[in-house]
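Numbering (the numbering used here), first residue to last: 23 to 360.
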């Protein structure tokens, strides 16, 4: 596996004791307003409008040099999808089949939609597996990325305000109130895409805690734009937004494509909002596939050395086995019966 500096301790993700249904029903007007008659497949040339971000904050700049798998910490908002793509995505997430099967709530968010790809949502699934989209995100991250697991493609956080809350004027400290508590993510990278019109909205920034304990705030995405962050290694929270009727964001989790890059995915915090069988299978499948790739590579190297009449490299073999034992031990910690 690739040698990478050891990361500092990562704050645990919030957990809850049992699975929860959404705490509030979604307004019927929101659901009906998302319906469209001209549903279409995903076409990169029609639905992707990528523009490289004006700035990328590095891990060194936030006091976390050596943590994570690349130097990228968080990007400035960048254009990723067209307005038509957002229309199609909203139509899918607010479709009857998705809402009936895939709404959940948690201690982090009142209303979420997740676990609907690819069965109930071909457009969103195809979008996040598109070479055009993944190529753009990989370019920003500084490493080739793929969706972490199908179950975490297009996770949607929904916040809807009543008319009184929409009209209210936030106080001077309002922008420091969190929409989500401090946490780190389960996967190396996340891409957060805004699906709402943010005109007139105040706040909604992402706050991160630096290596020195300082809190920095970064502007959140506007409709159709996105932010990518190495969220597994950065303690962060989303601050509340004021002045808008709705705030709907889509979070897609990403991991390195290469099996030789360090992978510290954790899944236990996701159990209360995810089918255990689905989550365990998808996690075990990709992790064992990566393990298989590394074993085949190690065996190939050993055979090449033997063919070249070189002595067996005991130190290298032991290093490989110790690394893979740590990898398997980490899986055992995640795949528990209880």
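Even glycine gets a Cβ: it sits at the ideal position worked out from N, Cα and C.
* Asked: Any chance the segment 257-264 sits against the segment 224-238, with 3 or more Cβ pairs inside 8 Å?
  -> They touch, by the three-pair rule.
* To do: Starting from the C-beta of residue 63, find all residues in its chain whose C-beta is less than 6 Å away, skip the five residues before and the five after it, and write them out in chain order.
  => The sequence position of residue 63 within the chain shown is 41, counting from 1. Counting only Cβ-Cβ distances below 6 Å, and skipping sequence neighbours, we find nothing.
* Are the beta-carbon atoms belonging to residue 274 and residue 175 less than 8 Å from one another? -> Reading the chain shown from its first residue, position 252 is the one you call residue 274. Reading the chain shown from its first residue, position 153 is the one you call residue 175. Yes, the pair counts as a contact, with Cβ atoms nearer than the cut-off.
* Report yes or no: do three or more beta-carbon pairs, one from the segment 240-250 and one from the segment 116-125, lie closer than 8 Å? => The segment 240-250 vs the segment 116-125: no contact.
* **Element boundaries [alpha helix (DSSP H), containing residue 282]** => Position 260 of the chain shown, counted from the start, is the residue given in the question as residue 282. That residue, residue 282, is in no alpha helix (DSSP H); it is neither H nor E in DSSP.
* With distances taken Cα to Cα, identify the nearest neighbour of residue 60 among 153, 330, 269, 112. => Taking the chain shown and counting its residues from 1, the one referred to as residue 60 is at position 38. Residue 112 is the option with its Cα nearest to residue 60.
* Same chain, Cβ closer than 8 Å to residue 183, neighbours up to 5 away in sequence not counted -> Here residue 183 is taken as the residue at index 161 of the chain shown, counted from 1. Counting only Cβ-Cβ distances below 8 Å, and skipping sequence neighbours, we find 266, 267, 268.
* Which of helix, strand or coil does DSSP assign to residue 72? -> Counting from one through the chain shown, the residue named residue 72 turns up at place 50. The three-state secondary structure of residue 72, taken from DSSP, is coil.
* Which residues does DSSP pair with residue 126 in a beta bridge? -> By 1-based counting over the chain shown, the position of residue 126 is 104. Partner(s): 134.
* To do: Have a look at residue 283 and residue 310 and give me their C-alpha separation to the nearest angstrom.
  => As a working mapping, residue 283 is identified with position 261 in the chain shown. As a working mapping, residue 310 is identified with position 288 in the chain shown. When rounded, the distance between both Cα atoms is 14 Å.
* Candidates 157, 79, 147, 84: which alpha carbon is nearest residue 72's? -> Mapped onto the chain shown, residue 72 falls at position 50. The residue with the shortest Cα to Cα distance from residue 72 is 157.
* Asked: Exposed or buried, which one is residue 350 when buried takes at least 16 other CB atoms within 10 Å?
  -> In the chain shown, the residue the question calls residue 350 occupies position 328. It counts as exposed.
* Kindly give me the distance between the Cβ atoms of residue 173 and residue 137, rounded to whole angstroms, as I take these residues to be in contact under 8 Å. => What you label residue 173 is simply residue 151 of the chain shown in a count that begins at 1. What you label residue 137 is simply residue 115 of the chain shown in a count that begins at 1. Cβ-Cβ separation between residue 173 and residue 137: approximately 5 Å, consistent with a contact (criterion under 8 Å).
* Roughly how many angstroms separate the alpha carbons of residue 74 and residue 162, rounded to a whole number? -> In the chain shown, counting from the first residue as 1, residue 74 sits at position 52. In the chain shown, counting from the first residue as 1, residue 162 sits at position 140. Distance between the alpha carbons of residue 74 and residue 162 is about 8 Å.
* May I have the straight-line CA-CA distance separating residue 160 from residue 178, to the nearest angstrom? => What you label residue 160 is simply residue 138 of the chain shown in a count that begins at 1. What you label residue 178 is simply residue 156 of the chain shown in a count that begins at 1. Distance between the alpha carbons of residue 160 and residue 178: 22 Å.
* Going by the beta-carbon positions, is the gap between residue 276 and residue 213 smaller than 8 Å? -> Translated into positions along the chain shown, residue 276 becomes position 254. Translated into positions along the chain shown, residue 213 becomes position 191. Yes, Cβ-Cβ distance for residue 276 and residue 213 is below 8 Å.
* **Sequence-distant residues of its chain with Cβ nearer than 7 Å to residue 290 (five each side left out)** => Position 268 of the chain shown, counted from the start, is the residue given in the question as residue 290. 356.
* Does any CB atom of chain B fall closer than 8 Å to the CB of residue 302? -> Within the model displayed, chain B is absent; a lone protein chain is all it includes.
* Tell whether a beta-carbon distance below 8 Å holds between residue 246 and residue 101. => Stepping through the chain shown from its first residue, residue 246 is reached at position 224. Stepping through the chain shown from its first residue, residue 101 is reached at position 79. For the 8 Å CB-CB criterion, residue 246 and residue 101 form a contact.
* Kindly give me the distance between the Cβ atoms of residue 272 and residue 313, rounded to whole angstroms, as I take these residues to be in contact under 8 Å. => Within the chain shown, residue 272 is the residue found at index 250, counting from 1. Within the chain shown, residue 313 is the residue found at index 291, counting from 1. Not a contact, Cβ separation roughly 31 Å.
* Could you please give the first and the last residue of the uninterrupted alpha helix (DSSP H) stretch that includes residue 315? => The sequence position of residue 315 within the chain shown is 293, counting from 1. Residue 315 -> alpha helix (DSSP H) spans 298-329.
* **Bridge-paired residues (DSSP) for residue 178** => Sequence index remark: in the chain shown, residue 178 carries index 156 (1-based). Per DSSP, the beta-bridge partners of residue 178 are 135, 272.
* Out of 115, 81, 65, which has the shortest C-alpha to C-alpha gap to residue 54? -> Counted from its first residue, the chain shown places residue 54 at position 32. If we check each option's Cα against that of residue 54, 115 comes out closest.
* Asked: With distances taken from CA atoms, which of 299, 215, 205, 286 is nearest residue 256?
  -> For the purposes of this step, residue 256 is taken as residue 234 along the chain shown, with counting starting at 1. Checking every option, the nearest Cα to that of residue 256 belongs to 205.
* **Three-way DSSP call (helix, strand, coil) for residue 66 in this model** => Looking up residue 66 in the chain shown gives position 44. Helix at residue 66.
* To do: Count the other C-beta atoms from every protein chain shown that fall within 10 angstroms of the C-beta of residue 354, then say buried if there are 16 or more, exposed otherwise.
  => If you number the chain shown from 1, residue 354 lands on position 332. Residue 354 should be labelled exposed.
* Beta-carbon proximity of residue 93 to residue 76, cut-off 8 Å -> Your numbering for residue 93 matches position 71 in the chain shown. Your numbering for residue 76 matches position 54 in the chain shown. Judged by their CB atoms, residue 93 and residue 76 are not nearer to each other than the 8 Å cut-off.
* The alpha helix (DSSP H) spanning residue 340 covers which residue range? -> For the purposes of this step, residue 340 is taken as the residue at position 318 of the chain shown. Looking at the DSSP string, the run of the alpha helix (DSSP H) that includes residue 340 is 336-356.
* Return the CA-CA distance between residue 105 and residue 69, expressed in angstroms with no decimal places. => Residue 105 sits at position 83 when you count from the first residue of the chain shown. Residue 69 sits at position 47 when you count from the first residue of the chain shown. Near 8 Å, if we compare the C-alpha coordinates of residue 69 and residue 105.
* To do: Report yes if the CB atom of residue 211 is closer than 8 Å to the CB atom of residue 164, and no otherwise.
  => The residue you call residue 211 lines up with position 189 of the chain shown. The residue you call residue 164 lines up with position 142 of the chain shown. No, they are not a contact pair.
* To do: Name the two residues that bound the continuous alpha helix (DSSP H) containing residue 146.
  => Along the chain shown, read from residue 1 onward, the residue named residue 146 stands at position 124. Element bounds for residue 146: 144-150.
* Spatial neighbours of residue 222 within its chain, please: CB distance less than 7 Å, with the 5 preceding and 5 following residues excluded, ordered by chain position. => Mapped onto the chain shown, residue 222 falls at position 200. Closer than 7 Å at the Cβ level, and outside the excluded window around residue 222, lie 265, 266.
* Name the DSSP bridge partner or partners of residue 229? -> The residue you call residue 229 lines up with position 207 of the chain shown. For residue 229, the beta-bridge partners assigned by DSSP are 239, 259.
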